[in-house]
Structure formats: C-alpha cells, structure tokens
Amino acid sequence: MNNIDAKALKQLKSLSSFSLSQLQNLADNLSIRHLKKNQIIFDQDEEAKLVYLLISGVVRSSYLNSNQKQTIVSLIPAGEFFGLDSLVPKMHHPFRCDAFETSAIGAIKPEVLIETLTGIPFERFLRWHMATMYSGRQMYLHCIKGIGLDLRKRLALELVNLADRFGILDPRGVVIFLQISHEVLAGLVGASRQQVMGVALS
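In the numbering used here, the protein residues as written are 1 to 202.
Laid out in structure tokens, this is it:
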C-alpha cells in the first residue's frame, strides 16, 4: 500500500463522519510508511513534528521512567491518530511509539491535518487547544510519570507539579500557597498518611 484514497479512509471508524472531499484532501497529504514489528516510529523526548494515522496493524505507546522501567501506556488500533503532541509547536513526544505488529501508517503535518478536517486556520485552533485541552494533557502525563516510582520519588514529582501549577517565587525559593494536609498529599501520590509522614520525617 503506497497510497490511500478517500474511500479507504472512510472505512476507518474515526474518519467515517467526514466528507469524501475532506478525506481525499487528507489522503493527498498523507505520507505512507510500512513498518515491521518493533520498528520505532518516534522515540521518547524526540521533537514532535508530525501527526500519524494508523491505517493498519497495531502501534504500542510506552514510557521509560527515571528508573529505566518501561510501561506500556496503550496499544493503538487501526483508525486512530497518534503523535498529537505535534499539535503544539516545539513540543517533544512524552512516549515512544513502535509497531506492535506489521503496520501501515500515514504521516501528516499538524497544520495541514487541522485545516483539512476542521476548515479553520491552525493558529485559531492552537489558541483554543492551549486554552482548553493542554492542561488535561499535562495531568495525564503527570499520572503516567509516577508509574513504577517509589513513594519518595512520587512525592517529589508531585511537589514539583504543585510548585509548577500553584507556586509563587519567593526569596526562599518557590512557595506553594495551598493548605494541603498529609492526608490530601497521600491521596495525590496513592499512599497512606502514615507513609507520607514517614517519608517527610526521614
């Protein structure tokens, strides 16, 4: 499969509601690649420049934490878009994506994808995306990054997150102006109050 047409794209569940003219425009702008099992599509921390559409096969998305432990985040079925971090300029992929089995993918520039399927200028879409969707992405990534870490590292990760979202610069450093009890902090890191207090006192 070196190319694809609108009728083939129409068969994909995620694209079935779009018109044939939109899908033909999408097809004309897709660069098709064929992947062998375990072939890497993009790596974790690589700059995100393209959006991908899985045409056939299965793609694996995984995260490698600071302990070098790999967690499979998701198995992506045919018909889904992935690599959506490229919707925000100069972002980096938080996960690695590789072919879980022999697959075919289409790659497209994010601005072309958005303008083709929504009919609005990319800059207008980007303003909406940053105002409404970006914070949800950050929360999702924050949860993933805590998988497989011990309590001390999960707690440190959570404090960095709170400082980033609620912190205010102060001569002493960054001060988190929230009244958070040990119980609430324990709930944020998936531990008991006693465990959190033990880490704090050690």
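Beta carbons: idealized from backbone N, C-alpha and C, even for Gly.
Please go through the same chain and pick out, in chain order, the residues whose beta-carbon is closer than 7 Å to the beta-carbon of residue i, but skip the five residues on each side of it.
{"i": "L23", "result": "A6, L9, K10 and L15"}
{"i": "V58", "result": "L75, I76, P77, F100, E101 and S103"}
{"i": "G167", "result": "V174, V175 and I176"}
{"i": "K49", "result": "S86"}
{"i": "V112", "result": "N29"}
Cutting at 8 Å between CB atoms, please list the residues of its own chain near residue i, excluding the five before and the five after it.
{"i": "M1", "result": "Only weak support is given to the placement of M1: the predicted model assigns it a pLDDT of 48, under 50, and the question is left unresolved by the model."}
{"i": "K37", "result": "A99, F100, E101 and T102"}
{"i": "R154", "result": "G146, V189, G190 and A191"}
{"i": "P121", "result": "E115"}
Can you tell me whether residue i is buried or exposed, with buried defined as 16 or more other CB within 10 angstroms of its CB?
{"i": "H92", "result": "exposed"}
{"i": "I41", "result": "buried"}
{"i": "G198", "result": "exposed"}
{"i": "L12", "result": "buried"}
{"i": "L169", "result": "exposed"}
{"i": "G106", "result": "buried"}
{"i": "P171", "result": "exposed"}
If I measure Cβ to Cβ from residue i and keep anything under 6 Å in the same chain, skipping five residues before and after, which residues do I get?
{"i": "L185", "result": "V196"}
{"i": "Q70", "result": "S62 and L64"}
{"i": "H142", "result": "N161"}
Write down the C-beta distance between residue i and residue j rounded to the nearest angstrom, noting that I regard them as a contact closer than 8 Å.
{"i": "L26", "j": "T118", "result": "That pair is no contact at about 12 Å."}
{"i": "S61", "j": "V73", "result": "5 Å"}
{"i": "V51", "j": "G83", "result": "5 Å"}
{"i": "D3", "j": "I108", "result": "Checking the sequence, you will find Asn at residue 3 rather than Asp. N3 to I108, Cβ: 13 Å. No contact."}
{"i": "I147", "j": "N67", "result": "About 10 Å; that fails the 8 Å criterion."}
{"i": "L178", "j": "L162", "result": "7 Å"}
{"i": "F95", "j": "Q138", "result": "That belief does not hold up - the Cβ atoms of F95 and Q138 are roughly 14 Å apart, past 8 Å."}
{"i": "F81", "j": "L53", "result": "5 Å"}
Which partner residues does residue i have in the DSSP bridge list?
{"i": "Y281", "result": "Because the chain spans 1 through 202 in this model, residue 281 falls outside it and cannot be assessed."}
{"i": "T71", "result": "Y63"}
{"i": "S192", "result": "Per DSSP, none; premise fails for S192."}
{"i": "S31", "result": "A107"}
{"i": "A99", "result": "V59"}
Confirm the yes/no value for this check: CB of residue i, any heavy atom of the ligand PLP, distance under 6 Å.
{"i": "I168", "result": "Summarising the ligand content, the structure contains no ligands, and the ligand PLP is consequently not present."}
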